[in-house]
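Q: Residues in the sequence shown are numbered from 1 upward in steps of one, following the UniProt record's numbering. Backbone N, C-alpha and C fix where the C-beta goes; we use that ideal spot for every residue, glycine too. It should be emphasised that the depicted structure is a prediction, and the values quoted were computed from it without experimental measurement.
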Amino acid sequence: MMHRPPIKFCKQCGTAVEYRIPDDGDTKVRAVCPSCDTIHYENPLTVVGTVPSWGDRVLLCKRNIEPRFGLWTLPAGFMELNETTTEGAARETVEEAGAQFEMQDLFSLVNVSRVGQVHLFYRAKLTSDQFDPGVETIEARLFLESEIPWEEIAFHTTRVTLECFFADRRKGGFSLHHLDV
1 MMHRPPIKFC KQCGTAVEYR IPDDGDTKVR AVCPSCDTIH YENPLTVVGT VPSWGDRVLL
61 CKRNIEPRFG LWTLPAGFME LNETTTEGAA RETVEEAGAQ FEMQDLFSLV NVSRVGQVHL
121 FYRAKLTSDQ FDPGVETIEA RLFLESEIPW EEIAFHTTRV TLECFFADRR KGGFSLHHLD
181 V
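Structure follows, in structure tokens:
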């Protein structure tokens with residue numbers, strides 16, 4: 001179940017909406033305006049980020065914001081309107097880590113249907129080991145696989161993406177991972 005607050009008012013005319021199955025043949029309960037008949041669709045949010053690597057190390061960011069303040073994550077965040085998934089992943093990596101990198105292939109697509117999100121992570125090859133983290137990050141640091149603070153990882157999507165990344169690296173090749181968590 002999604003954790004976003006329900007829509008209360010029509011974005012077109014301001015009337016209080018009703019939650020019901022629309023009269024247009026739809027089969028799902030939607031927020032429908034009883035005044036202007038506008039149907040308000042609630043869709044998943046997209047989180048985009050990177051798995052930045054420098055040799056055998058991966059860059060993680062210690063969160064300076066809630067949720068999960070003080071825990072480690074890959075640089076990622078919500079995709080903005082008018083940007084592609086790669087543009088959003090690059091923006092988040094710069095904002096959170098101040099990293100310099102070359103974007104690589106899509107690495108993982110993780111469905112988090114219980115909170116209405118889809119997470120996309122791209123591999124990124126760091127071109128410098130110097131970072132300038134933004135305000136959302138306490139610290140940006142490189143970790144060997146053996147150094148990852150697994151008990152301090154902020155999100156399950158980060159954990160499963162890192163596990164796939166290190167498993168692929170041990171195999172000698174990277175593939176796209178599609179996961180449901």
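Assuming L120 contacts L176 (C-beta within less than 8 Å), just tell me the rounded distance between them.
A: Within the sequence shown, numbered from 1, the residue matching residue 120 stands at position 120. Within the sequence shown, numbered from 1, the residue matching residue 176 stands at position 176. Actually they do not touch by this definition, with Cβ atoms about 10 Å apart.
Q: With a cut-off of 8 Å, do at least 3 Cβ pairs link the stretch 128–141 to the stretch 62–79?
A: Verdict: yes, contact present.
Q: Is C61 helix, strand or coil by DSSP?
A: The residue given as residue 61 occupies position 61 in the sequence shown. C61: strand per DSSP, three-state reduction.
Q: Regarding Q117 and the ligand GTP, is the C-beta to nearest heavy atom distance less than 7 Å?
A: With respect to small molecules bound, the structure shown includes none, and the ligand GTP cannot be examined in it.
Q: Let me confirm a value: S108 is counted as buried when at least 16 other C-beta atoms fall within 10 Å, else exposed. Which label applies?
A: Numbered from 1 along the sequence shown, position 108 holds the residue referred to as residue 108. Result: buried.
Q: State the start and end residues of the unbroken beta strand (DSSP E) segment that holds F165.
A: Along the sequence shown, one-based indexing puts residue 165 at 165. Per DSSP, F165 belongs to no beta strand (DSSP E); it is in the alpha helix (DSSP H), 156–171.
Q: Label M1 either buried or exposed according to how many other C-beta atoms from any shown protein chain fall within 10 Å of its C-beta, with 16 as the threshold for buried.
A: Translated into positions along the sequence shown, residue 1 becomes position 1. Confidence at M1 is low in this model, with a pLDDT of 39, below 50, so the placement of that residue should be treated as unreliable; the coordinate-derived value is given next. Exposed, by the Cβ-count rule.
Q: Along the beta strand (DSSP E) that carries V48, what are the first and last residues, could you check?
A: Here residue 48 corresponds to residue number 48 of the sequence shown, with the count starting at 1. Per DSSP, V48 belongs to the beta strand (DSSP E) from 45–54.
Q: Measuring alpha carbon to alpha carbon, tell me which of E163, D132, C10, G134 ends up nearest S146.
A: Numbered from its first residue, the sequence shown carries residue 146 at position 146. Cα-wise, what sits closest to S146 is E163.
Q: Closest to R159 by CA distance: which of E102, E83, V58 is it?
A: As a first step, residue 159 must be located in the sequence shown, where it is residue number 159. Ranking the options by Cα distance to R159, first place goes to V58.
Q: Going by beta-carbon coordinates alone, are E102 and T127 separated by less than 8 Å?
A: As a working note, residue 102 is residue 102 in the sequence shown. As a working note, residue 127 is residue 127 in the sequence shown. Cβ atoms of E102 and T127: closer than 8 Å.
Q: Is there contact here, the stretch 31–39 with the stretch 111–125, by at least three beta-carbon pairs under 8 Å?
A: Too few Cβ pairs lie closer than 8 Å, so no.
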